[in-house]
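Notes to accompany the following structure.
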Amino acid sequence: MAKLINKKCQFCVEKRDVIDYKNLSLLYPYINYFAKIKKRYYSGVCLRHQKMLARSIKRARFMGLLPFTR
Amino acid sequence: MRNYEIMLLVSGDLPEVEIEKALADFKSELESVKGEITFEDLWGRRELAYPIENQEEGFYVVYKFNIDPVVLPEFETVLRLKKEILRYLITIPPKGSTDKAFAESIEEERVRREAKKVEKARADQEKKKKEKEKFELKAHRKEKKMIRKIEESIQEEKKAQSPQADNEKVDAKFDEKLSKIIAEDIDL
């Protein structure tokens, strides 16, 4: 599991300022099989977007939209 | 007054009538603290990702409403005491958020993403085509060059060979003449 060199932050490419916790299709790629938040070391997300992503994933978990674990 | 967004998770065990009643109750409660709903989006029944209070299903609603931030904590306590509401989440809608049904906006985004993918694939194909053409052109030029070189070399060889051939011819003529003269000499 090596970091993919030259992998860009997908949210930066799309110039996204908001990551909505309701937009589940956006969040699914960033949780792993055990429904844990993927490290940005592996997903290539920048720090700013990783923080936004983590917040929205946690919100979605609280509302029962995403699982905590599997 | 400030705009907020709230997502309600109403117990899925209740029949539809009671859910409607709970939502009406929520609205009246909001009115009592001088709040007003600006946007409503009923998601409907959904399976929960994990059981909440031993329930596998829930009814999701999203509202946007204006309320005085001072009375918001008070309103929250009221919500917390309601049994039919399993969970709620109050957030400040981000700048530039639209009053669209969420399913709709997600669908729009999906379509946009697919369109982008298709565009990208097309661009990639065009790039590949161009590269292929370039490669072919290069190969063609190389071939031409090679042919030209070979032709030149052949011509050079010919040039190199031609004087020799001339010498041989001259030699042959000399030989003939010599043999003739010798023959005449013998005759004499």
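Protein chains in written order, with numbering that gives the first Met the number 0: chain H, 0 to 69; chain X, 0 to 187.
Ideal Cβ positions, reconstructed from N, Cα and C, are used throughout, including at glycine.
Could you name the residues of the stretch 15-41 of chain H whose beta carbon sits closer than 7 Å to any beta carbon of chain X, in the order they occur along the chain? 17, 21, 22 and 24
Does residue 145/X have its Cβ less than 8 Å from a Cβ in chain H? no
Show which residues of chain X have a CB atom less than 7 Å away from the CB atom of residue 52/H. Result: empty, since nearest Cβ-Cβ is about 14 Å, beyond 7 Å.
Suppose contacts are defined by Cβ-Cβ distances below 8 Å. Is residue 95/X in contact with residue 44/X by that definition? no
Straight-line Cα distance separating residue 60/H from residue 128/X: 46 Å
Could you check if residue 68/H belongs to the surroundings of the ligand GTP, using beta carbon to heavy atom distance under 7 Å? Of ligands this structure carries none, so the ligand GTP is not represented either.
So for residue 63/X, helix, strand or coil by DSSP? Residue 63/X: strand per DSSP, three-state reduction.
Under a CB-based cut-off of 8 Å, is residue 62/X close to chain H? Chain H, which has no Cβ nearer than 8 Å to the Cβ of residue 62/X, makes this no.
Are the stretch 7-25 of chain X and the stretch 38-51 of chain H touching, with three or more C-beta to C-beta distances below 8 Å? no
Going along chain X in order, which residues have a C-beta closer than 7 Å to the C-beta of residue 47/H? Ordered by position in chain X, no residue passes the 7 Å Cβ test against residue 47/H, which lies about 14 Å from the chain.
What does residue 61/H touch in chain X if you count any residue whose Cβ is under 9 Å from its own? 86 and 88
CB of residue 8/X within 8 Å of CB of residue 59/X, strictly: yes
Residue 32/H and residue 69/H look like a contact to me (Cβ under 8 Å); what is the Cβ gap, rounded to whole Å? 7 Å
Among 16/H, 67/H, 53/H and 13/H, whose alpha-carbon lies nearest the alpha-carbon of residue 29/H? 53/H
Relative to the C-alpha of residue 102/X, which candidate in 16/H, 12/H and 24/H has its C-alpha closest? 24/H
Pick from 20/H, 38/H and 35/H that is closest to residue 62/H, judged by C-alpha positions: 20/H
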